[in-house]
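Protein chains: 2
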Amino acid sequence: MNQLNQSFSVRFTYSISFTDGLFDSHNTLLADFLAAQSTEALRKKLLFVIDAGVLAHFPDLGDQIRDYFAGQTNVELVDDLVTVPGGEPAKNDPALVERIIDAVDRYGIDRHSYVVGVGGGSVLDLVGYAAAIAHRGIRHIRIPTTVLSQNDSGIGVKNGVNYRGKKNFLGTFAPPVAVFNDYRFLRTLDERDWRSGMAEAVKVALIKDAPFFDWIEANALALANRNEAAMQYLVYRCAELHMNHIAGGDPFEQGSSRPLDFGHWSAHKLEQLTGFSLRHGEAVAIGMALDCQYAHLLGYLSDEDLNRVLAVLETLGFALYDPALDQDDSAGVLRGLGEFREHLGGRLTILLLRGIGYGEEVNEMDETLLRQAIHLLANRQPTLALD
Amino acid sequence: MNQLNQSFSVRFTYSISFTDGLFDSHNTLLADFLAAQSTEALRKKLLFVIDAGVLAHFPDLGDQIRDYFAGQTNVELVDDLVTVPGGEPAKNDPALVERIIDAVDRYGIDRHSYVVGVGGGSVLDLVGYAAAIAHRGIRHIRIPTTVLSQNDSGIGVKNGVNYRGKKNFLGTFAPPVAVFNDYRFLRTLDERDWRSGMAEAVKVALIKDAPFFDWIEANALALANRNEAAMQYLVYRCAELHMNHIAGGDPFEQGSSRPLDFGHWSAHKLEQLTGFSLRHGEAVAIGMALDCQYAHLLGYLSDEDLNRVLAVLETLGFALYDPALDQDDSAGVLRGLGEFREHLGGRLTILLLRGIGYGEEVNEMDETLLRQAIHLLANRQPTLALD
Chain A
1 MNQLNQSFSV RFTYSISFTD GLFDSHNTLL ADFLAAQSTE ALRKKLLFVI
51 DAGVLAHFPD LGDQIRDYFA GQTNVELVDD LVTVPGGEPA KNDPALVERI
101 IDAVDRYGID RHSYVVGVGG GSVLDLVGYA AAIAHRGIRH IRIPTTVLSQ
151 NDSGIGVKNG VNYRGKKNFL GTFAPPVAVF NDYRFLRTLD ERDWRSGMAE
201 AVKVALIKDA PFFDWIEANA LALANRNEAA MQYLVYRCAE LHMNHIAGGD
251 PFEQGSSRPL DFGHWSAHKL EQLTGFSLRH GEAVAIGMAL DCQYAHLLGY
301 LSDEDLNRVL AVLETLGFAL YDPALDQDDS AGVLRGLGEF REHLGGRLTI
351 LLLRGIGYGE EVNEMDETLL RQAIHLLANR QPTLALD
Chain B
1 MNQLNQSFSV RFTYSISFTD GLFDSHNTLL ADFLAAQSTE ALRKKLLFVI
51 DAGVLAHFPD LGDQIRDYFA GQTNVELVDD LVTVPGGEPA KNDPALVERI
101 IDAVDRYGID RHSYVVGVGG GSVLDLVGYA AAIAHRGIRH IRIPTTVLSQ
151 NDSGIGVKNG VNYRGKKNFL GTFAPPVAVF NDYRFLRTLD ERDWRSGMAE
201 AVKVALIKDA PFFDWIEANA LALANRNEAA MQYLVYRCAE LHMNHIAGGD
251 PFEQGSSRPL DFGHWSAHKL EQLTGFSLRH GEAVAIGMAL DCQYAHLLGY
301 LSDEDLNRVL AVLETLGFAL YDPALDQDDS AGVLRGLGEF REHLGGRLTI
351 LLLRGIGYGE EVNEMDETLL RQAIHLLANR QPTLALD
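Residue numbers (full-length UniProt numbering), protein chains in the order written: chain A, 1 to 387; chain B, 1 to 387.
Now the structure itself:
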C-alpha cells in the first residue's frame, strides 16, 4: 500500500478539409461533417466567433452562415454571431475570453456542442482557448482565414492568449474536432498577409523536407505574384508536414525539443520590439535568415545552402533585416534567447540548419557571432527577383 | 488535396504515493521523486500553494517545507508560499486564479518547474486549473489533505473553478505528475470531513466492486470511530478503483457516459441549495440514498441490497435526508436533472444500481417516483449503529 501507478493514453483525431466557398449553399462539407458526428437524436448547438477583420472583407458572411444552417435539423445555430477584433489585439484583451465564456453560458453551449472560430491565427488561438477551458473543453471547429493559420497555427493543437504582454502565457493543448480551410478567404488578403504566411512553409521545408523547399524555390515568383494554384499546394503541403510532425513527435510538448520553433526565438522578440508592426511571418523570415547566417558563420551551413535560403525568402518578398535587430541594449533582440529558454523550461534548445531539410539542436548561442550575423544581414545586397 | 486526417495518442503517467509525514526530514519520498524527474543539470523551481485551512491545523507547515528543501540542490523552493482559502470559496473567486498565475509569472515558473498544491479538493481543483493554463501546462504535484481528496478528487485528471456560481464551469483535463497522500493530514480533520470523504468510497464500491462494499460494511463502525488502519485501507482501495476507472475508460470524458457521477446529479444541486452547508460527501450520501430508493421503487434493486446500502451509509454516520430535498419549487432538487443533462452535453445519462457492485444507465428519471423516493427517505427510521 505504498504506491499506485497510473498510465493511460488519450487518442485525438481530427481532419483538415480543403475547400472553396465553405458556406455556399451547395457545399455540403461542413453539414456532412456535423451530420456524421451526430450520434444521438439531439440537436447540437453551434456558437460562431468571427474575426472582425474577416467580416470587413466579407460583410455578408453572417447572413451566409445563417442561410447555410437555416435548413439543417441536427444542429442549431446560435443566432448571435460573436465578433472579436482580429490580429494580436484578440489575444491581449482578457475581456474577449470573458465575452466568449459568457456566450457559452448564456446560450447553454455544452461539451457536445460546438464553438466555431472563423479568422486568423490570433482569433483562433483566442477561441480555442475559451473553448478549451469552458466545461473542461467544448468541441471546437476552426475555420482559418489566412495563409498562416491555414498552413500552420490554425491546424495544430495549441491555443493561447497573452498575459500582461507575455505571448501565449495562458493556453492549453487542445486539438480541434475539425479544421476547414477555405481558399476563398485567401483572395482578399493584403500583400503582407499573403506573403507572411509563407514563412512557416519555408520553415517546415527547411527543417523537414528538401523536395518541398525545391518546389518553393521553383515556384517562389508564382507565389509572390499570387498564383492561386501554387498557394493551394503550398498550404496543403505545409499543413501536411505540420500534422505529420505533431502526430509523429510530442504533440503536447512534454519534452524540451521544439524543432518547429526554428527561427522563432528572435522572431517572437522582434514582434514585441516592433510593437507587432512586423507580422509574425515577416519576423519569422528575419529570424530564419539570422539563424541561417549564424549557422553559416559557425560552419554548419554551406555557402550554397545559405544563399538558396536567403534568395528564396527575398524572392517571396521578405525583408531579411529590420532595424529592431540592432536595438542594442538590455531589451534588445538577444534578450529573446533568455525568454525563449524560460518558455522552453530552463534549457535553451535551438535548431540550426546543417543543410536544406535537416538541422541539429544546439544548447547555446554565441552573442558575438550573432551580432556578426545581424551585421551581415544589415549590409546584404538583396537578390533581385526577376519575372 | 481535399482532406488530411490527423490521429495521435498522448500518454500520461503519474503515481500516487502513500506516506505518513511527507515533510519529515528523514522522509525522502518527495525528494527522491524530484531527483528522479531531474533529467538535466537544471534546478527546477517549486511553487507551493497551500490551503489556509490546512495551515490552521499545521501552523509550522511552511517552516517544515522550507526546512525540507533547504538542503536540496536540484530543486529551488520559491520562498513565498502562496496561501488560498480552503473549501468551495477557493473555487468561487477569480482573483485566486489570478494570484497563482501572477506568482507563476513573478517567480519565473516554467513548464519544467512544478506547482505544488497542498489542501482539500477545492484548493487542488483551483491550483490544478491555474497550473494547467499557465504556459499551456506546468507540471503539477498534488498533496491532498482530506479523505475526499486523497481517495477521489485529488487523484484524478480534472481541475476546475466555478463561474458565476456554476460549479466547475471553467476547467480542463490535466493529469498531475504525481500525488502524495499523507495520512498525517487526516488526523486533524473534523468529524464531518473525516466522514464525508467516505461517501465516494461507498460510491465506487457500489458501482464497481462488491467485495469492497462488503469490506466497508464489515468495517463501517471502525471507520465511523476513526480507526486509522481501516481508513488507510479505504483511501488506498478507493484511489485504486478510481485510477483503474480512469485508465480503463474515457479519461478525458469525450463520450457521454459518466458512471462515477452515481448519486451526483442531486448531490450537486443539494450543495447549491444549501449554500454549501452540506459537504460534498454528505450530499453524495443523500444522492446515492435517493437514487437507490428510486431504483428500488423501479424494481431495479432488491429489498436486501437497498437496506444494506442505506444501513452502511447510516452506520458511517451519514444523514440520508435533508430538507432541501423537499424545496418543492422550480428551483428545487429535481432541477438538478436538467442541469446535469446540460453538463453532460444534451443527453441525460444516470447510473442506477441493479445490485451491489453493478449498475445500469438510464436516460430518463420519473419525477413522481423521485418524489416518492424523497418521501420515503424523509420518513425513514434510521439504522441504529451498535458498537
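Built from N, CA and C at the ideal position, the CB exists for glycine as well.
{"Check": "Proximal chain B residues relative to residue 158 of chain A, where beta-carbon distance stays under 9 Å", "Outcome": "136"}
{"Check": "Positions along the region 163-191 of chain B whose CB lies within less than 9 Å of some CB in chain A", "Outcome": "163, 164, 166, 168, 169, 170, 171, 172, 173, 174, 175 and 179"}
{"Check": "Rounded straight-line distance, which links the Cα of residue 108 of chain A to that of residue 337 of chain B", "Outcome": "15 Å"}
{"Check": "Beta carbon proximity, residue 387 of chain B to chain A, threshold 7 Å", "Outcome": "With a pLDDT of only 49 at residue 387 of chain B, under 50, the local geometry of the prediction cannot be trusted, and the value read off the model is given with reservation. So, not an interface residue."}
{"Check": "Given residue 20 of chain B as reference, the closest of B/232, B/153 and B/94 once Cα atoms are compared", "Outcome": "B/232"}
{"Check": "Closer than 7 Å at the beta carbon, the chain B residues around residue 4 of chain A", "Outcome": "15, 16, 239, 240 and 243"}
{"Check": "Chain A contact for residue 11 of chain B (CB, 7 Å cutoff)", "Outcome": "yes"}
{"Check": "Chain-ordered neighbours of residue 246 of chain A on chain B, where CB pairs are closer than 8 Å", "Outcome": "6 and 8"}
{"Check": "Residue burial classification, residue 196 of chain A (beta-carbon count within 10 angstroms, cutoff 16)", "Outcome": "buried"}
{"Check": "Chain-ordered neighbours of residue 251 of chain A on chain B, where CB pairs are closer than 9 Å", "Outcome": "8, 9 and 10"}
{"Check": "For residue 50 of chain B, the residue or residues it bridges with in DSSP", "Outcome": "B/83 and B/118"}
{"Check": "Candidates A/234, A/65 and A/280, of which the one nearest residue 318 of chain A by Cα", "Outcome": "A/280"}
{"Check": "Cβ-based burial, residue 387 of chain A [other Cβ within 10 Å; buried from 16]", "Outcome": "With a pLDDT of only 49 at residue 387 of chain A, under 50, the local geometry of the prediction cannot be trusted, and no value is derived from it."}
{"Check": "Backbone secondary structure at residue 405 of chain A - three-state DSSP", "Outcome": "Nothing can be reported for residue 405 of chain A, as the shown portion of chain A is limited to 1 through 387."}
{"Check": "C-beta contact flag for residue 369 of chain B and residue 292 of chain B at 7 Å", "Outcome": "no"}
{"Check": "Residue-level contact to chain B via CB, residue 342 of chain A, 7 Å cutoff", "Outcome": "yes"}
{"Check": "Three-state secondary structure (DSSP) of residue 3 of chain A", "Outcome": "strand"}
{"Check": "Near-chain A residues of the region 86-119 of chain B (beta-carbon distance less than 8 Å), N- to C-terminal order", "Outcome": "101, 105, 108, 110, 111, 112 and 113"}
{"Check": "Unbroken beta strand (DSSP E) run spanning residue 362 of chain B, endpoints", "Outcome": "358-362"}
{"Check": "As assigned by DSSP and simplified to three states, the class of residue 192 of chain B", "Outcome": "helix"}
{"Check": "contact_flag[the region 295-302 of chain B, the region 205-217 of chain B] where n(CB pairs < 8 Å) is 3 or more", "Outcome": "no"}
{"Check": "Beta-carbon proximity check, residue 76 of chain A vs residue 111 of chain A, cutoff 7 Å", "Outcome": "no"}
{"Check": "Beta-carbon neighbours of residue 132 of chain A, restricted to chain B and to distances below 8 Å", "Outcome": "172"}
{"Check": "Terminal residues of the alpha helix (DSSP H) in which residue 253 of chain A lies", "Outcome": "Residue 253 of chain A -> no alpha helix (DSSP H), and no H or E assigned at all."}
{"Check": "Buried or exposed (CB count within 10 angstroms, at least 16 for buried), residue 6 of chain A", "Outcome": "buried"}
{"Check": "Close-in-space but distant-in-sequence residues of the same chain around residue 167 of chain A (CB under 7 Å, 5 per side omitted)", "Outcome": "268"}
{"Check": "For residue 391 of chain A, the nearest candidate out of A/177, A/371, A/103 and A/12 (CA to CA)", "Outcome": "Because chain A in this structure spans residues 1 to 387, residue 391 of chain A falls outside the shown range and cannot be described."}
{"Check": "Residue span of the beta strand (DSSP E) that contains residue 178 of chain B, given as start and end", "Outcome": "178-182"}
{"Check": "Burial state of residue 239 of chain A (16 or more Cβ within 10 Å)", "Outcome": "buried"}
{"Check": "Buried versus exposed, by CB contacts within 10 Å (16 or more), residue 56 of chain A", "Outcome": "exposed"}
{"Check": "Other residues of its chain near residue 163 of chain A: CB distance less than 6 Å, five sequence neighbours each side excluded", "Outcome": "169 and 170"}
{"Check": "Residue from B/322, B/333, B/358 and B/350 whose Cα sits closest to the Cα of residue 309 of chain B", "Outcome": "B/358"}
{"Check": "Residues near residue 122 of chain A by beta carbon distance below 7 Å, same chain, minus five either side", "Outcome": "86, 87, 88, 90 and 91"}
{"Check": "Range covered by the alpha helix (DSSP H) that runs through residue 312 of chain B", "Outcome": "303-316"}
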